[in-house]
Amino acid sequence: MTVVERVLAVIEAHRGDRGALLPILHGIQAEFGYVDQSVIPLVAKELNLSRADVHGVVTFYSDFRSEPAGRVTVQLCRAEACQAVGSERLVEHAEAAYGVKVGQTSADGAVTLAQVFCLGNCALGPAAQVNGRLHGRLDPARLDGVINAEFTVSSPSGRTS
Amino acid sequence: MTTTVYVPRDAAALSVGADAVAAAITREAALTGRAVRVVRNGSRGMLWLETLVEVVTEAGRIGYGPVTSDAVPALIADGMLDGAPHELRVGVVEELPWFRAQNRLCFARVGVTDPLSPEDYLAHGGLTGLRRALEIGSAATVAEVTDSGLRGRGGAGFPAGIKWKTVADTPGELKFVCCNADEGDSGTFADRMLIEGDPFCLIEGMTIAGFAVGATEGYIYIRSEYPEAVRTFRRAIDIAYAQGWLGDDVLGSGLKFDLMVRVGAGAYICGEETSMLESLEGKRGVVRAKPPIPAITGLFGKPTVVNNVLTLASVPAILADGGAAYQALGVQRSRGTQVFQLAGNIARGGVFETAFGISLRDLVEEHGGGTLSGRPVRAVQVGGPLGAYLPASGLDLAMDYEAFAEAGAMLGHGGIVVFDDTVNMASMARFAFSFCAEESCGKCTPCRVGAVRGVEVIDRIVGGEDVDDNLALLGDLCELMTDGSLCAMGGLTPNPVRSALQHFADDFTPRRVTP
Ligand SMILES: Cc1cc2nc3c(=O)[nH]c(=O)nc-3n(C[C@H](O)[C@H](O)[C@H](O)COP(=O)(O)O)c2cc1C
Ligand code: SF4
Ligand code: FES
Ligand code: FES
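Keeping their order, the protein sequence lines are chains A and B. Numbers in the numbering used here are just positions in the first sequence, counted from 1, shifted up by 1. Numbers in the numbering used here are just positions in the second sequence, counted from 1, shifted up by 9.
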């Protein structure tokens, strides 16, 4: 399927939905891993919206990324309850250990580090979501273990870098 | 004989390895030739004990926790499947003091049942409320909710019955029920646990709301940070349709009610109800000016009930047992129970549901066991990121809406975040501003620009730059945000800032901040 066909398929799946733009953008991100600028005109045309409208929505929500994520996406919680049990130390560790700042993807495309404000695991912090899976009571060693396990899942040979 | 073992499927339990524990139990039991049935329940809410395994015995459900998968072989060898003694054995779960001290109405089934089993739901009183509503009619249903004194659990505490009556009285072919499951406040997770642990209860509550106000479509807006809740709720909706609990002919009564899940996209402000409605319409989550109120001009301009998860999940029990029984609990104008959530640096964190009026100190010290670190409690933030910080000396406060308002604080969604004496309160005040700057919808200047300025001013204060002038500036800024913001995001951000400054002034002396 071409990119256009894949986008149209996502839109088709939400044809009957009221106010379908968010579900469609989630669908596009699930399909491609990010919402590329180039799909915006097509989405706008199909939903009878202006490009500016669609662009405005894409940029308002922090979930929609404009470029692909690394092989492992680490979302570290930095909200108050996790701060109370040392989330900032975990952020420092992650930035140093993976050579990447919060909000960035490492040069080798291995790790995307992101911040998030609360994952609903505030009694078992510090918390993080790694490739969509929730983890609690993290310390640097446990976080490294979790990230390495994701590399093993995503490529049997382990981390290549 | 088959032994039944409960292993939670709640996301918090999964975050510390519950799936691996369940797999290990199945594997080890097979190896030792024991027949076991592993049921994946919700969490009991004693999160410090997760993964909490419960074994059904003649004496009751005996708990072991916190269990890790590594510990399972030894636990089974030591007789866990017969409820034998072990250092991880906590006893009969429902007899634990922590559990007995609660009054679980909203959370009655959470952790007890298999959340996706319709049989379990019915066996534990499910649908009694909806059946009664259908019997007494929509006007009487609204009256029952009004009589119960139920106030919104999302933060503002608005009486649910009055909101429902407004929607019911507004004419319209098309009306909506929207459940706010955006739960963005740090320190809160009760909505998530209810959705994952007793989804049918919320479906029933939303259906009752739809019946009461004449709405045929319901939407639940779940934040994207809760993928497990999204999965569970979608499955629960499918099951409910298959059971005839949703759709064109609910319970054979002729009632039509459809329910859809929508997933947020990482914006705290979308928990504000009008921003949520914009988002549900597929737009940027920019706050709407009120009036018009959503009850009259809501989703797509139609009359709309917007209620929090816990508000709606409280409704089935209110209908089943009558508004008066609910009203009998609590104090003054805070009626019924509140689901408190103990979080942050706390030894025994989790959900604690009890009547309004319990003191904050009892929750933090007696039930919560003080800090996790073992150090003294220094500050407690109640009510999420827009809530005030209270000093350890100020914990003798009754947990009810009015007592908190009087103390310049707010209950919000019931989250209680504990900090030990290593916290730097100037950093927390700075964080409050930077969070507001990050999450502002951008509609009004005091919030959008004021928050950014707030960060700078605090940096200058702790940096020792013109301290007195900057402190005065900080005061002005807080005043401007309080008075000039359209919604509580900008309007209440001064709460954590001012309270930090008031109770922990020492932290604002130069060079103690760790940004
Ligand atoms: C910045 C902001 C964030 C909010 N976040 C939530 C939220 O996450 N969940 C919620 O139920 N209400 C939230 N509210 C309150 C809602 O605006 C609204 O009052 C509530 O959903 C109404 O339901 P209730 O009456 O059942 O509480 C928020 C309000 C503000 C100003
Ligand atoms: S106070 Fe902030 S969040 Fe609320 S409407 Fe204004 S800019 Fe938006
Ligand atoms: S504050 Fe980190 S999970 Fe809630
Ligand atoms: S979203 Fe527009 S100011 Fe932050």
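Cβ atoms here follow ideal geometry from the backbone N, Cα and C, with glycine treated the same way.
Just to confirm, is the Cβ distance from residue 25 of chain A to residue 36 of chain A under 7 Å? no
Any chance the CB of residue 278 of chain B is under 6 Å from a heavy atom of ligand 2? yes
Does residue 474 of chain B pass the burial test, meaning 16 or more other C-beta atoms within 10 Å, or should it be called exposed? exposed
Of all Cβ atoms in chain A, is any one closer than 7 Å to the Cβ of residue 56 of chain B? yes
Does the structure place the stretch 425 to 437 of chain B close enough to the stretch 385 to 397 of chain B that three or more beta carbon pairs sit under 8 Å? yes
Roughly how many whole angstroms lie between the Cα atoms of residue 136 of chain A and residue 23 of chain A? 27 Å
Tell me where the beta strand (DSSP E) around residue 77 of chain A begins and ends. 73 to 78
Contact set for residue 127 of chain A: own chain, Cβ-Cβ below 7 Å, skip 5 residues either direction: 78, 83, 86, 87, 88, 91 and 139
Just list the residues that DSSP pairs residue 66 of chain B with in beta bridges. B:69
For the stretch 305 to 324 of chain B and the stretch 248 to 268 of chain B, state whether three or more C-beta atom pairs, one from each stretch, are separated by less than 8 Å. no
Contacting residues, own chain, Cβ-Cβ under 6 Å from residue 340 of chain B (five flanking each side not counted): Cβ neighbours of residue 340 of chain B beyond the five flanking positions: 365, 366 and 409.
Can you tell me the Cβ-Cβ gap for residue 330 of chain B and residue 433 of chain B, rounded? I've got them flagged as a contact below 8 Å. Contact doesn't hold; Cβ gap of about 47 Å is too wide.
Given residue 181 of chain B as reference, the closest of B:166, B:393, B:222 and B:196 once Cα atoms are compared: Comparing alpha carbon positions, the residue from B:166, B:393, B:222 and B:196 closest to residue 181 of chain B is B:222.
Any beta-carbon of chain B closer than 7 Å to the one on residue 109 of chain A? no
Have a look at B:440, B:261, B:382 and B:501 and flag the residue whose alpha-carbon is nearest the alpha-carbon of residue 420 of chain B. B:501
Quick check: residue 170 of chain B and residue 155 of chain B, are their CB atoms within less than 7 Å of each other? yes
Grab me the residues of residue 288 of chain B's own chain with a C-beta within less than 6 Å of its C-beta, minus the 5 sequence neighbours each way, in chain order. Result list for residue 288 of chain B: 279 and 294, in chain order.
Rounded to the nearest angstrom, how far is the Cβ of residue 269 of chain B from that of residue 189 of chain B, given a contact under 8 Å? 14 Å between Cβ atoms; not a contact.
Identify which residue in B:14, B:326 and B:423 has its Cα closest to the Cα of residue 217 of chain B. B:326
CB residue 123 of chain A to CB residue 352 of chain B, shorter than 7 Å? Against a cut-off of 7 Å, the Cβ pair of residue 352 of chain B and residue 123 of chain A comes out as a contact.
My understanding is that residue 47 of chain B touches residue 66 of chain B, with C-beta atoms under 8 Å, so please give their C-beta distance in whole angstroms. Going by Cβ atoms, the distance from residue 47 of chain B to residue 66 of chain B rounds to 16 Å, so no, they are not a contact pair.
Comparing the CB of residue 126 of chain A with every heavy atom of ligand 3, is any distance shorter than 6 Å? yes
Distance cutoff 7 Å, beta carbons only. Does residue 122 of chain A sit that close to anything in chain B? yes
Quick one, which of B:219, B:43 and B:205 has its alpha-carbon nearest residue 147 of chain B's? Considering only alpha carbons, the answer is B:219.
Continuous alpha helix (DSSP H) stretch holding residue 28 of chain B: start and end: First-last of the alpha helix (DSSP H) with residue 28 of chain B: 27 to 40.
Taking the beta strand (DSSP E) that residue 265 of chain B falls in, what are its first and last residues? 264 to 272
Within the continuous alpha helix (DSSP H) that includes residue 111 of chain B, where are the two ends? Per DSSP, residue 111 of chain B belongs to no alpha helix (DSSP H) and is neither H nor E.
Could you tell me the distance, in whole angstroms, from the CA atom of residue 405 of chain B to the CA atom of residue 415 of chain B? 13 Å
Going along the chain, which unbroken runs of the alpha helix (DSSP H) with 4 or more residues stay wholly within the stretch 399 to 423 of chain B? 410 to 415
Thinking residue 499 of chain B and residue 456 of chain B are a contact (beta carbons under 8 Å), I'd like their distance in whole angstroms, please. 3 Å
Can you give me the Cβ contacts of residue 201 of chain B inside the same chain, cut-off strictly under 7 Å, excluding the 5 residues immediately before and after it? Excluding positions up to five away in sequence, the list reads 20, 192, 235 and 238.
Reduced DSSP category for residue 524 of chain B - H, G, I as helix; E, B as strand; rest coil: In this prediction, residue 524 of chain B has a pLDDT of 48, which is less than 50 and means its spatial position is unreliable; what the coordinates show is noted afterwards. Reduced to three states, the DSSP call for residue 524 of chain B is coil.
Any beta carbon from chain A within less than 7 Å of residue 7 of chain B's own beta carbon? The requested residue 7 of chain B does not occur in the structure, where chain B is confined to residues 10 to 524.
May I ask you to report which of helix, strand or coil DSSP gives residue 155 of chain B? helix
Closer than 7 Å by beta-carbon distance: list the chain A residues that pair up with residue 292 of chain B, in chain order. 58
Would you say the stretch 245 to 262 of chain B touches the stretch 49 to 60 of chain A, given that touching needs at least three Cβ pairs under 8 Å? no
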